[in-house]
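Protein chains in written order, with the working numbering: chain A, 1 to 470; chain B, 1001 to 1472.
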Amino acid sequence: MEGEVIIGLEVHVQLNKLNSKLFCGCSTDYHDDDPNTHTCPVCLGLPGTLPVINKKAVEYAIRVALALNCVVQEETLFYRKNYYYPDLPKAFQITQYDYPLGLGGHILIKGEDGERVVRINRVHMEEDPGRLVHAGTIDRAKYTMVDYNRCGMALLEVVTEPDLRSPKEARAFLDKLRSILDYLDVFDGDLEGAMRVDSNLSLAGGDRAEVKNISGHKGVEKALNYEITRQKNVRRRGMKVVLETRHYDELRGVTVSMRTKEEAHDYRYFPEPDLVPMRIADWVPRVQEELPELPDAKRDRFRTQYGITDDHAKSLTSEIKVANFYERVAGKAPPKLAAVWVADVLKGELNYRDLSIENFHEDQMVEILKMLEREAITEKGAVEVVRQILDEGGSPAEIVKAMGLGKAEDDAVRVAVRAAVAECGPAVEDYRGGNEKAINFIVGQVMKKTRGRADPGEANRLVKEAIEEL
Amino acid sequence: MLRELKEEIASGSAEEVISALLERVKRSKLNAYNALAEESALARARKFDGSPWAGRMAGIPIAIKDSISTRGIETTCSSRILQGYIPPYDAHVIERLKAEGAIIIGKTNMDEFCMGTSTETSCFGPTRNPWDTERVPGGSSGGSAAAVAAGEASCALGSDTGGSIRCPASFCGIVGMKPTYGLVSRYGLISYANSLEQIGPLASTVEDAALVLEVIAGHDPRDSTSAKTEGGYLDGLEDGVRGMVCGVPKEYFGEGVDDSVERSVWDAISVLEDLGASWREVSLPHTKYALAAYYIIAMSEASSNLARFDGLRYGLRVGTDKDWHTTFSEIRAAGFGPEVKRRILLGTYALSAGYYGRYYLKALKVRTLIKEDFQRAFQDVDVLVTPTMPFPAFRIGERIQDLLSLYMADVFTVPINLAGVPAISLPCGFAGGLPVGLQIVGDHFAEKTVFRASRAYEDATPHHAARPQEVI
Chain A
1 MEGEVIIGLE
11 VHVQLNKLNS
21 KLFCGCSTDY
31 HDDDPNTHTC
41 PVCLGLPGTL
51 PVINKKAVEY
61 AIRVALALNC
71 VVQEETLFYR
81 KNYYYPDLPK
91 AFQITQYDYP
101 LGLGGHILIK
111 GEDGERVVRI
121 NRVHMEEDPG
131 RLVHAGTIDR
141 AKYTMVDYNR
151 CGMALLEVVT
161 EPDLRSPKEA
171 RAFLDKLRSI
181 LDYLDVFDGD
191 LEGAMRVDSN
201 LSLAGGDRAE
211 VKNISGHKGV
221 EKALNYEITR
231 QKNVRRRGMK
241 VVLETRHYDE
251 LRGVTVSMRT
261 KEEAHDYRYF
271 PEPDLVPMRI
281 ADWVPRVQEE
291 LPELPDAKRD
301 RFRTQYGITD
311 DHAKSLTSEI
321 KVANFYERVA
331 GKAPPKLAAV
341 WVADVLKGEL
351 NYRDLSIENF
361 HEDQMVEILK
371 MLEREAITEK
381 GAVEVVRQIL
391 DEGGSPAEIV
401 KAMGLGKAED
411 DAVRVAVRAA
421 VAECGPAVED
431 YRGGNEKAIN
441 FIVGQVMKKT
451 RGRADPGEAN
461 RLVKEAIEEL
Chain B
1001 MLRELKEEIA
1011 SGSAEEVISA
1021 LLERVKRSKL
1031 NAYNALAEES
1041 ALARARKFDG
1051 SPWAGRMAGI
1061 PIAIKDSIST
1071 RGIETTCSSR
1081 ILQGYIPPYD
1091 AHVIERLKAE
1101 GAIIIGKTNM
1111 DEFCMGTSTE
1121 TSCFGPTRNP
1131 WDTERVPGGS
1141 SGGSAAAVAA
1151 GEASCALGSD
1161 TGGSIRCPAS
1171 FCGIVGMKPT
1181 YGLVSRYGLI
1191 SYANSLEQIG
1201 PLASTVEDAA
1211 LVLEVIAGHD
1221 PRDSTSAKTE
1231 GGYLDGLEDG
1241 VRGMVCGVPK
1251 EYFGEGVDDS
1261 VERSVWDAIS
1271 VLEDLGASWR
1281 EVSLPHTKYA
1291 LAAYYIIAMS
1301 EASSNLARFD
1311 GLRYGLRVGT
1321 DKDWHTTFSE
1331 IRAAGFGPEV
1341 KRRILLGTYA
1351 LSAGYYGRYY
1361 LKALKVRTLI
1371 KEDFQRAFQD
1381 VDVLVTPTMP
1391 FPAFRIGERI
1401 QDLLSLYMAD
1411 VFTVPINLAG
1421 VPAISLPCGF
1431 AGGLPVGLQI
1441 VGDHFAEKTV
1451 FRASRAYEDA
1461 TPHHAARPQE
1471 VI
């Protein structure tokens, strides 16, 4: 189809939950520290130093490859990718290149027209370079500083086939990938630089452009939308899109040409002599066995085990923390009610405040659900309780009391009911005469007298009782 | 010799021994050292004299090739580009030496980044051969070999990528050992061609070499290619060669080899025979491809290993800072000598897209064939006996303009590195007043067999005792 969008992604995932870097013992916990404080002779590439593979990193990589349904290769092989750049102190990056750990996988995403299978070309390991801090924008900076704290962090590169058809699908893929990685407990997606995306985008029949350096899922959607517009404009002007690498400038929201194919690097790959191939075929069965239940499987189980809707199950399983929260709540309160209140109310309120589920305790949710169940509060009141907990803290019972959110206390309601029945003689007669609807008028009076704090259902029941007692 | 020196130091004074050594170095014309660690060596000697410590090399002074990282002592690989670089860490072998009580006296001259056979490519100028100062000491560990031969060091460490320990040992008339690949940790050795090189000892006797190897060998988790081995190189050193079968590879004799060298080696084979060994001719049929394969692999790896020297974090900084590419290009242009540049260029070419298969991959295949040559030979023989170098030390300047002939000089040493097996060079006579070296090669991790054969030969011959006159 003319103008059809074709997108493939290369996602760099930092295995930042490891204790140490990929080839040395340096700590990975540098995010709050000063530049160049988490370095050693090895990750600084000082003359004479040698890499030693972090076995835990290999195990994490196997975990990810298996979760993405890849075939894990029998041994690890590493290559040198040679190029000069100030963030690369050895002037080569150790990477698996054409011998990735995992090959040929797939995952399911929510596509433009329902579920879509996105094929994974491969998953390979490599080391992260340092971080360049430009004084200004990349194409105009007067000088650049280098921070090697990040240098040597374990990275996974997840490469998709060109199976994505829109920026929205690209974002859905990244959401799903992040969800899976989250389940595998191999990375903390909230840390700076945890996930970086390079994308290849072309319009059907045209050459592709590679857009590098996109961080964040929203950024991907924006950068790709910009790129589609740019390529369409190029065509509209009767020119051809050229094969090139472009840099995404997040601040300006545009992509900038970095180099064309003629300037493409020759990376002179060759096997890294300082690392011997490591046999991992024997590790795979154990890692496979220890693999946790993944989002799709959990979603299916939630649906059948708790009898909740697929939408709720999907919403509750996209983040492992939310899924675990829900299961704890569903063990102590009615599961269906819990699904509604966690998926629809709590998640919405958290998103609105940019907060995570850790800001809410499961017992608070259970207490709220119990109050709803015994009709001690209205749904509207329960939403207020949730908001109050997130904004000010406190326990549900205290909040209900302090804000007067409890349904009108029985006495007050009964007093109001008696008064209403006494005042509404004609309506009472109508009701007794068989006009069921007449009762609504009396209930309305009760609500008026209690300023809306009575539960309408409860008021209805009490009015009927009072009429029978007359 | 080290045994006697150790006793002398223990009963006398380490400070005196080391002072005398340093004085000797300072009045020498050989240019064997790039830097002396005078202050730290004397301080450590005084400390030792005050309260002597135990250790297999307690109080013994040792010289270190300038390709090995020494904390606090400038380490340059005889290259301008590393001028001023003081490593913040010790190589594994330096840690081991210090742990066994040795005292480091200085860093020795070498071919720039180990690229050479004569120590002429050093940015500090050539080291001179103590037997004839108009001649080269061999290379690339020429400074270490000349220092040991001239009594400017009691023993030394070198590194051997394609003969860089054995060649200068041969030219200077001392013992030099290249261990099995993986026996000694390379952590801290500045890489030239990392799949080929090993650190090893240069010493006056086989026993000294075995002692130093005993200290520096052993597993190091910081080097993934380092093996877990037993050691015990001094055990059974004197058990002799009775019943041992020596292989004489026919490809290592004949065209291109000096008659005098051949004669010395055949004499050595006779000596071994007299001692109870037997010999038989063997064939290593792929020897003729070894040099080509070696230079392709070594230069390719070098082009990548040396790419990190950009002057950004350490080493030479010239001119004013311009943009990144201009700045590092200028620094590299000024910092590397012509031979290093040549090898980086050739290696870069060999690894380029489109040439990788024709050169690098092919060289790796040849390497496998050469390894198999040796495996086949060691099914029938215990050791191989060959000349170390096809000729004795040549004149300074004689071959540096004719590079091919210089590269050809490595013809008997490079196959050993390609195969990864251990080999020693020991003095086996003189030709025109210049030492000739005998190479004894063992199977993987058969260092003890190599030492045993070498010691038997050494005991039966006077060559190792010959020493040059001091050159002032």
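Where is the CB? At the ideal position from N, CA and C, for every residue including glycine.
Bear in mind that the values here come from a model prediction, so they are computed numbers and not experimental data.
Verify whether the separation of the beta carbon atoms of residue 1233 (chain B) and residue 1451 (chain B) is less than 7 Å. In terms of Cβ geometry, residue 1233 (chain B) and residue 1451 (chain B) form a close pair [threshold 7 Å].
Compare the C-alpha of residue 1249 (chain B) against each of B:1435, B:1220, B:1285, B:1214 and name the closest. Residue 1249 (chain B) has its Cα closest to that of B:1285, out of B:1435, B:1220, B:1285, B:1214.
Based on Cα-Cα distance, which residue from B:1069, B:1008, B:1361 lies nearest to residue 269 (chain A)? Distance from the Cα of residue 269 (chain A) is smallest, within the candidate group B:1069, B:1008, B:1361, for B:1361.
Using a Cβ-Cβ cutoff of less than 7 Å, which residues in the same chain neighbour residue 1139 (chain B) once the five nearest sequence positions on both sides are dropped? Correct list, in chain order: 1110, 1111, 1116, 1117, 1118, 1119, 1164, 1167, 1168.
Can residue 416 (chain A) and residue 450 (chain A) be called in contact, C-beta distance under 7 Å? Taking 7 Å as the cut-off, the Cβ atoms of residue 416 (chain A) and residue 450 (chain A) count as close.
Beta strand (DSSP E) segment containing residue 144 (chain A), residue limits: Where residue 144 (chain A) is concerned, the enclosing beta strand (DSSP E) stretches over 144–147.
Kindly list, in the order they appear in chain A, the residues whose Cβ is closer than 8 Å to that of residue 1188 (chain B). Here the neighbours are 48, 49.
Looking at residue 116 (chain A): is its Cβ nearer than 7 Å to the Cβ of residue 161 (chain A)? Against a cut-off of 7 Å, the Cβ pair of residue 161 (chain A) and residue 116 (chain A) comes out as no contact.
Alpha carbon to alpha carbon, how far is residue 156 (chain A) from residue 6 (chain A)? Give it in angstroms, no decimals. Using only the alpha carbons, I get a separation of about 23 Å.
Is it the case that the Cβ atoms of residue 1326 (chain B) and residue 1170 (chain B) are separated by a distance below 7 Å? Contact check for residue 1326 (chain B) against residue 1170 (chain B) fails: the beta carbons are separated by 7 Å or more.
Pull the bridge partners of residue 154 (chain A) from the DSSP assignment, please. For residue 154 (chain A), which the question treats as bridged, DSSP gives the partners A:127.
Chain A contact residues for residue 1194 (chain B), given Cβ-Cβ distances below 7 Å: Residues of chain A passing the Cβ test: 273, 274.
Using 7 Å as the threshold, is the C-beta distance between residue 1144 (chain B) and residue 1211 (chain B) below it? In this structure, residue 1211 (chain B) does not lie closer than 7 Å to residue 1144 (chain B) by Cβ.
Can you find a heavy atom of the ligand ADP that lies under 6 Å from the Cβ of residue 1461 (chain B)? In the structure shown, the ligand ADP is absent, as is every other ligand, since no ligand is present at all.
According to DSSP, is residue 1 (chain A) helix, strand or coil? The predicted model places residue 1 (chain A) with a pLDDT of 46, which falls under 50 and marks its position as unreliable, so this point remains unresolved.
Residue 348 (chain A): first and last residue of the uninterrupted beta strand (DSSP E) it sits in: For residue 348 (chain A), there is no enclosing beta strand (DSSP E); the enclosing alpha helix (DSSP H) has its first and last residue at 347–353.
So is residue 1304 (chain B) in contact with chain A if we call contact Cβ pairs under 7 Å? Interface with chain A (7 Å Cβ-Cβ cutoff): residue 1304 (chain B) is included.
Along the stretch 1014–1026 of chain B, where does the CB come closer than 7 Å to a CB of chain A? Name the residues. Contact annotation: in the stretch 1014–1026 of chain B, no residue has its CB less than 7 Å from a CB in chain A.
According to DSSP, what are the bridge partners of residue 195 (chain A)? A:13, per the DSSP bridge assignment.
Quick one, which of A:165, A:252, A:62 has its alpha-carbon nearest residue 15 (chain A)'s? The residue with the shortest Cα to Cα distance from residue 15 (chain A) is A:62.
Given 8 Å as the limit, is there contact between the stretch 47–55 of chain A and the stretch 21–29 of chain A, that is, 3 or more CB pairs closer than that? The stretch 47–55 of chain A makes contact with the stretch 21–29 of chain A; the number of CB pairs closer than 8 Å reaches 3 or more.
Find the nearest neighbour of residue 1319 (chain B) within the set B:1333, B:1309, B:1306, B:1307, judged by alpha-carbon distance. Taking residue 1319 (chain B) as reference, the option from B:1333, B:1309, B:1306, B:1307 with the minimal CA-CA separation is B:1333.
N-terminal and C-terminal residue of the beta strand (DSSP E) that residue 1430 (chain B) is part of: 1423–1431 is the span of the beta strand (DSSP E), which, as asked, contains residue 1430 (chain B).
Let me see if you follow: with CB-CB separation under 7 Å, is residue 86 (chain A) close to chain B or not? Judged by the 7 Å Cβ criterion, residue 86 (chain A) is in contact with chain B.
Where the alpha helix (DSSP H) through residue 1092 (chain B) begins and ends: Here the alpha helix (DSSP H) through residue 1092 (chain B) covers 1092–1099.
Runs of beta strand (DSSP E) lying entirely within the stretch 1223–1297 of chain B, each at least 3 residues, in chain order: Entirely contained in the stretch 1223–1297 of chain B, the beta strand (DSSP E) runs reaching 3 residues are, in chain order, 1245–1249, 1278–1282.
Inter-residue spacing [alpha-carbon to alpha-carbon] between residue 101 (chain A) and residue 330 (chain A): Going by the C-alpha atoms only, they are around 39 Å apart.
Kindly indicate the opening and closing residues of the beta strand (DSSP E) around residue 102 (chain A). Unbroken beta strand (DSSP E) run through residue 102 (chain A): 102–111.
Rounded to whole angstroms, what is the Cα-Cα separation between residue 1028 (chain B) and residue 29 (chain A)? Pairing residue 1028 (chain B) with residue 29 (chain A), the inter-Cα distance amounts to about 53 Å.
With 8 Å as the limit, tell me which residues of the stretch 1084–1096 of chain B have their beta carbon closer than that to any beta carbon of chain A; keep them in chain order. Correct list: 1085, 1087, 1088, 1089, 1091.
Considering only residues of the stretch 1011–1090 of chain B, which uninterrupted alpha helix (DSSP H) runs meet the minimum length of 4 residues and lie entirely inside it, listed in chain order? Counting only runs of 4 or more, we get 1014–1027, 1038–1050.
Assuming residue 217 (chain A) is part of the alpha helix (DSSP H), what are its boundary residues? Looking at the DSSP string, the run of the alpha helix (DSSP H) that includes residue 217 (chain A) is 217–236.
Using the three-state DSSP reduction, which class does residue 403 (chain A) fall into: helix, strand or coil? Here residue 403 (chain A) sits in helix by DSSP.
What does the alpha-carbon distance come out to for the pair residue 1290 (chain B) and residue 1282 (chain B)? Straight-line Cα distance between these residues: approximately 17 Å.
Quick check on the burial criterion: 16 or more other C-beta atoms within 10 angstroms. Buried or exposed for residue 1088 (chain B)? Counting Cβ neighbours within 10 Å, residue 1088 (chain B) comes out exposed, since fewer than 16 surround it.
With a threshold of 16 other CB atoms inside 10 Å of the CB of residue 1147 (chain B), please say whether the residue is buried or exposed. Buried is the call here.
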